[in-house]
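Written below as structure tokens is the structure these notes are about.
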Amino acid sequence: MPKPKSKAFARIRAEVIRLVGLIPPGKFTTYGSIAIHMNVMARHVAFVMSRLTEEESAELPWHRVVSADARISPRMDATLAKLQRKRLRSEGMKINAAGYIQDADDHFYVVGVRRNIRWSKE
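Using the numbering used here, the letters of the sequence shown correspond one by one to residues 41 to 162.
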């Protein structure tokens with residue numbers, strides 16, 4: 041039987057999903073920017089994003105979250121990377137052949153300042 045997820049993980053997951061939902065069309069942010077705002081590690085954000093349900097993937101603008109260097113993650117499944125590239129381009133962003141967003145400063149979305157959150161508290 042799999043180990044149940046912690047309450048802290050459930051709270052982190054819900055906050056990642058909420059923050060990604062706030063990224064406006066034509067803008068992007070990074071796993072790290074979300075992580076800094078939440079006071080967690082970028083890998084926590086990436087873990088949540090990599091395990092979205094089909095319903096969440098359909099409703100959430102997951103394509104607006106990229107690597108720290110404004111690049112579509114080179115570790116992403118090729119089919120998903122192609123879809124992400126297509127969606128970002130449809131929102132007016134230019135992506136080069138290596139997957140980097142061009143004029144990134146013009147499209148970067150600031151999630152917010154670091155919050156002092158202790159996720160394990162009830």
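Yeah, the Cβ is synthetic: ideal placement off N, Cα and C, and Gly gets one too.
None of the values given here were measured: they were computed from a predicted structure.
Limits of the unbroken alpha helix (DSSP H) element including D109: Unbroken run through D109: none, as it is neither H nor E.
Spatial neighbours of A75 within its chain, please: C-beta separation below 7 Å, excluding the five flanking residues on both sides. M81, A82, H84 and V85
For L100, which option in L62, M116, K67 and A137 has the closest C-alpha, if you only look at C-alpha atoms? L62
Closest by C-alpha distance to P65, when choosing among A108, Q142, W102 and V153: W102
Tell me, to the nearest whole angstrom, how far the beta carbon of Y71 is from that of S107; I am working on the premise that it is less than 8 Å. At roughly 7 Å, the Cβ-Cβ gap stays under 8 Å, so Y71 and S107 are in contact.
Give me the Cα-Cα distance between A137 and I57, rounded to the nearest whole angstrom. 29 Å
For the alpha helix (DSSP H) that contains G139, what are its first and last residues? Here G139 belongs to no alpha helix (DSSP H), and DSSP marks it neither H nor E.
Inter-residue spacing [alpha-carbon to alpha-carbon] between A144 and R104: Their Cα atoms are separated by approximately 12 Å.
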